[in-house]
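**Q** Numbering (full-length UniProt numbering), first residue to last: 1 to 63.
Built from N, CA and C at the ideal position, the CB exists for glycine as well.
(1) On the premise that residue 22 lies in contact with residue 51, defined as a C-beta separation below 8 Å, what is that separation, rounded to the nearest angstrom?
(2) Assign residue 44 to one of two classes, buried (16 or more other C-beta atoms within 10 Å of its C-beta) or exposed (fewer than that).
(3) Give the straight-line distance between the Cα atoms of residue 38 and residue 8, rounded to the nearest whole angstrom.
(4) Would you report the Cα separation of residue 19 and residue 48, rounded to the nearest angstrom?
(5) How is residue 17 classed by DSSP in three states: helix, strand or coil?
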């Protein structure tokens, strides 16, 4: 006799694109390490099409 013909398709883990991940981080506290080893810590306020960040530190706004 033939086996049950209904099979479940293989499950692919959900994939989050980089810009989606950055978008989900808006309003969150982030820690950025630049290539020059400069570190930036603050709350992500937003970003533009070139992923230029805008974040807020406790002592003011940095662009």
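**A** For this structure:
(1) Here residue 51 refers to the residue found at position 51 when the chain shown is read from its first residue. Here residue 22 refers to the residue found at position 22 when the chain shown is read from its first residue. In this structure residue 51 is in contact with residue 22, their Cβ atoms being roughly 6 Å apart against a cut-off of 8 Å.
(2) On the chain shown, position 44 is the one that residue 44 refers to. That one is buried.
(3) To locate residue 38, count along the chain shown from 1; it is residue 38. To locate residue 8, count along the chain shown from 1; it is residue 8. Rounded to the nearest angstrom, the two C-alpha atoms are 48 Å apart.
(4) Counting from one through the chain shown, the residue named residue 19 turns up at place 19. Counting from one through the chain shown, the residue named residue 48 turns up at place 48. One C-alpha to the other measures close to 10 Å.
(5) Position 17 of the chain shown, counted from the start, is the residue given in the question as residue 17. Residue 17: coil per DSSP, three-state reduction.
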